[in-house]
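Take a look at the structure set out below.
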Amino acid sequence: MKKLNRTATACLAALTISILVAAPATAQIDDADVAGLWEGQYATGQDGGDARLSFERVDDAWQLTVTTTSSAYPNSDPQRATDVVIDGSRIEFTIHWGPRPIRFTGEVTAEGMSGELAADHFGGTWEVARTDSELRT
0 MKKLNRTATA CLAALTISIL VAAPATAQID DADVAGLWEG QYATGQDGGD
50 ARLSFERVDD AWQLTVTTTS SAYPNSDPQR ATDVVIDGSR IEFTIHWGPR
100 PIRFTGEVTA EGMSGELAAD HFGGTWEVAR TDSELRT
């Protein structure tokens, strides 16, 4: 009986190791791993430019500051995003370009964040990668 238990334990350990090694590099990251600075681009049918996202965990909520710049708006001020949701690998938040609310939705992976943005009269895409991990919690 002891030999069977040792064999079963060894098989279970080998199976656990093989599952961990086979896990994809693009696996979702925990909510706490989004803290810090992320930079990349956005594109719409009308415009495109740079995007900078700064995430900070305050108590039980995420605070997100977003800065977007483009040729039309080269000196955009940072603004606080609203309705920030991070649920597993899903991310959503809203910013305002002038009077227009812009809803960003997307996915968080170990490599970065990407997704779509939508307003009343236009849509687009966005993609950012981590540039600074000093603020990570």
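Position 78, counted from 1, in the sequence shown is what numbering that gives the first Met the number 0 calls 77; the numbers after and before it change by one each time, with no gaps. C-beta atoms are modelled at their ideal positions from N, C-alpha and C, and glycine is treated no differently.
task: Less than 8 Å between the CB atoms is what I'm expecting for I101 and A118, so what's the real figure, rounded?
output: Numbered from 1 along the sequence shown, position 102 holds the residue referred to as residue 101. Numbered from 1 along the sequence shown, position 119 holds the residue referred to as residue 118. Their Cβ separation, rounded to whole angstroms, is 5 Å, which keeps I101 and A118 in contact under 8 Å.
query: Just how far apart, CA to CA, sit E115 and D59?
result: If you number the sequence shown from 1, residue 115 lands on position 116. If you number the sequence shown from 1, residue 59 lands on position 60. Taking the straight line joining both Cα atoms gives about 26 Å.
- request: Could you name the residues that DSSP lists as bridge partners for F92?
  value: The sequence position of residue 92 within the sequence shown is 93, counting from 1. Its beta-bridge partners are F103.
field: Closest by C-alpha distance to F103, when choosing among G48, N74, T68 and W125
entry: Within the sequence shown, residue 103 is the residue found at index 104, counting from 1. Checked all of G48, N74, T68 and W125; the closest Cα to F103 is W125.
field: Backbone secondary structure at D46 - three-state DSSP
entry: Sequence index remark: in the sequence shown, residue 46 carries index 47 (1-based). Coil.
task: Tell me whether D86 sits in a helix, a strand or coil according to DSSP, three-state version.
output: Sequence index remark: in the sequence shown, residue 86 carries index 87 (1-based). Reduced to three states, the DSSP call for D86 is strand.
- request: Indicate the three-state DSSP secondary structure (helix, strand or coil) for A21 in the structure shown.
  value: For the purposes of this step, residue 21 is identified with residue 22 of the sequence shown, where counting begins at 1. Because the pLDDT of A21 is 33, which lies under 50, any placement of that residue in the model is unreliable, and the number read from its coordinates should be weighed accordingly. Correct three-state label for A21: helix.
task: Count the other C-beta atoms from every protein chain shown that fall within 10 angstroms of the C-beta of F121, then say buried if there are 16 or more, exposed otherwise.
output: The residue you call residue 121 lines up with position 122 of the sequence shown. It is exposed - the Cβ of F121 has fewer than 16 other Cβ atoms within 10 Å.
Beta carbon of G48 nearer than 9 Å to that of T68: On the sequence shown, residue 48 is found 49 positions in, with the first residue counted as 1. On the sequence shown, residue 68 is found 69 positions in, with the first residue counted as 1. Yes, they are a contact pair.
message: Alpha carbons only, please: which of A42, W37, V33 and L36 is nearest the one belonging to G123?
response: The residue labelled residue 123 in the question sits at position 124 within the sequence shown. The candidate whose alpha carbon is nearest that of G123 is A42.
task: Quick one: residues in its chain with C-beta nearer than 8 Å to the C-beta of H95, no 5 flanking neighbours on either side, listed in chain order?
output: The count along the sequence shown starts at 1 and reaches residue 95 at position 96. Cβ neighbours of H95 beyond the five flanking positions: Q78 and I101.
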